[in-house]
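**Student:** Quick one: this structure, given as structure tokens, is what I'll be asking you about.
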Amino acid sequence: MIPRVNQAVILCGGLGSRLGSLTASTPKPLLPVDGRPFLEILIEEIARQGIRRILLLAAFASDQVRDFAAALPAKLGFDMTVELAIEPDRAGTGGAIWHAREQLDDLFYLFNGDSWFDVPLAELARALPADPAVVGALALRRLPEAGRYGVVTLSGGRIDQFAAKAEAGSGPVLVNAGVYLFRRTLVDALSPLCSLEQDGLAVLAAQGRLAGLPADGYFLDIGIPDDYARAQTEIPAHRRRPALFLDRDGVINLDHGHVGSIDRFEWVAGAREAILRANRLGYYVFVVTNQAGIAKGYYTEADYRAVKAHVRAGLAEIGAHIDDERFCPFHVDAAIEAYRRDSDWRKPAPGMLLDLLRRWPVDAGHSLLVGDRDSDLAAAAAAGIAGHLFGGGNLDDFVKPLLTETRA
Ligand SMILES: [Mg+2]
């Protein structure tokens, strides 16, 4: 089982001086990319992978970060918290973490607020050894040449040199990408005024206490004017992904008829593995489920959410996640008046799919739906999505030939 992580900590304190007048009054992570603050896009990428506690480490112009944090949960529509920790003075990246030590979970992801590395976060959790002496795992980018970056070297999965100068023409290298998973004990290696990289990570690496995960994936640092300009088109292009839409009952769990409690929930063989496969290949995974059992009074919305949390926890055990979900509690023959409605969300109508297609940057042409009824396929067809009828058996075996590599 891989460790469960529910917190992301984001460094937002940088002055952004390389961007000149752009960041004179706006913190770099709040600069707009494709019409939204970059930080909002970064947090959306984190939250869709199941992380629901966000902690922003801020210093410069922290009022703007505070306003941003307060508005974000409603804007993104996730059941999430966004907290702030303000450094007392310019404490450096390590000092910022040290000052926030009381707000840290035992395990937390850490991100630079001005860059994006598109790696599946669960893979980083998988890379962290159980040995508590290992303080963290770093996502490492593969580059053909070191260029201006410090090089990280790995030995048996452990980092043995952090940010060393590479010889010119040394060939392919690994560099730190600013995406980490840490134990809270990282704080013991930091001080009120220090650099995470030079003071913390370099020392921990020399002690063999950092794991490294070489990864490929899109990377961009908006801290350089040319790259900030490229971000406007490249980031939206890279976030446009195909989606795997899944019906729930009969696809994710066996359809025992109106499953509204955990004791009646039974995984379909290969369902978790199919979702993990789609996650790794870079698909959004969305659930679209008719829940007329709520309208008929068999169970409540709270019961439905308890089952949803059970699914989420079961997926997290193997490092899989559902990005977003829509359910339709309405039915024309509802016993409960509040749910008596002919809803355009109820399959075979496509409302739930259309809502997700509006909400997320989906490549509809390469997307697909897997359902176990004709009404699922009708909803997919009405939304312009290819539909596939699952007749039972192992879901992973069923989806494997339908999915293709999407990561650029
Ligand atoms: Mg079904």
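Letter 395 of the sequence shown, counting from 1, is numbered 395 in the UniProt record's numbering, and no numbers are missing. Glycine included, each C-beta is placed from N, C-alpha and C at the ideal position.
1) Can you look up residue 409 in the DSSP assignment and give me helix, strand or coil?
2) In whole angstroms, give me the CA-to-CA distance for residue 376 and residue 303.
3) Determine the extent of the beta strand (DSSP E) in which residue 325 is found, giving its start and end residues.
4) With contact counted as at least three CB pairs below 8 Å, one residue from each stretch, are the stretch 122-133 and the stretch 222-236 in contact?
5) Where does the unbroken beta strand (DSSP E) through residue 225 begin, and where does it stop?
6) Verify the contact flag: residue 387, CB atom, against every heavy atom of ligand 1, threshold strictly below 6 Å.
7) What is the rounded straight-line gap between the Cα of residue 97 and the Cα of residue 198?
8) Measure the CB-CB distance between residue 271 and residue 403 and report whether it falls below 7 Å.
9) Among all the DSSP beta bridges, which residues are the ones paired with residue 153?
10) Are residue 236 and residue 34 close, meaning C-beta to C-beta below 7 Å?
11) Quick check: the stretch 285-300 against the stretch 60-74, are there 3 or more CB pairs under 8 Å?
12) DSSP three-state label for residue 289, please.
13) Buried or exposed, going by whether 16 or more other CB atoms sit within 10 Å of the CB of residue 75?
14) Go through the residues and name those whose CB comes closer than 5 Å to any heavy atom of ligand 1, in chain order.
15) Distance check for residue 296 and residue 342, CA to CA, integer angstroms please.
16) Rounded to whole angstroms, what's the CA-CA distance from residue 196 to residue 11? Just pull it up for me.
17) Mark residue 409 as exposed unless 16 or more other C-beta atoms lie within 10 angstroms of its C-beta, in which case mark it buried.
18) Within its chain, find whatever has a CB closer than 8 Å to the CB of residue 281; leave out the 5 residues flanking it on each side and keep chain order.
19) For residue 347, count the other beta carbons within 10 Å of its own beta carbon; 16 or more makes it buried, fewer makes it exposed. Which is it?
20) Enumerate, from N- to C-terminal direction, the unbroken alpha helix (DSSP H) stretches of 4 or more residues contained entirely within the stretch 337-392.
21) Any chance you could list the alpha helix (DSSP H) runs of at least 4 consecutive residues sitting entirely within the stretch 163-191, in chain order?
22) Closest by CA to residue 382, which one among 391, 390, 242, 369?
23) What residues in its chain sit with their C-beta under 6 Å from that of residue 122, if we drop five residues either side in the sequence?
24) Per DSSP, which residues does residue 246 bridge with? Please list them.
25) Is the closest heavy atom of ligand 2 to the C-beta of residue 86 under 6 Å?
26) Determine the contact status of residue 81 and residue 53, defining contact as a CB-CB distance below 7 Å.
27) Which value, in whole angstroms, describes the spacing of the CA atoms of residue 309 and residue 118?
28) Within 8 Å, do at least three Cβ pairs link the stretch 200-212 to the stretch 154-169?
29) Could you check where the alpha helix (DSSP H) with residue 301 kicks off and where it finishes?
30) Any idea what DSSP makes of residue 193, helix, strand or coil?
**Tutor:** The structure says:
1) Outside the modelled stretch of the chain, which goes from 1 to 408, sits residue 409, for which no answer is possible.
2) If you take the alpha carbons of residue 376 and residue 303, they lie about 23 Å apart.
3) Per DSSP, residue 325 belongs to the beta strand (DSSP E) from 324-328.
4) no
5) No beta strand (DSSP E) contains residue 225, which is instead part of the alpha helix (DSSP H) from 225-239.
6) no
7) 14 Å
8) no
9) 161
10) Yes.
11) At 8 Å Cβ cutoff, the stretches do not touch.
12) Correct three-state label for residue 289: strand.
13) exposed
14) Working through the chain, the matches are 247, 249, 250, 372.
15) Straight-line Cα distance between these residues: approximately 14 Å.
16) Taking the straight line joining both Cα atoms gives about 11 Å.
17) Given a span of 1 to 408 for the chain in the structure shown, any question on residue 409 remains unanswerable.
18) 403, 404, 405, 406, 407
19) buried
20) Taking only runs of at least 4 residues, the alpha helix (DSSP H) segments lying wholly in the stretch 337-392 are 351-359, 374-383.
21) none
22) 369
23) 319
24) 287, 370
25) As for ligand 2, it is missing from this structure, which binds only ligand 1.
26) yes
27) Taking the straight line joining both Cα atoms gives about 25 Å.
28) yes
29) 301-316
30) coil
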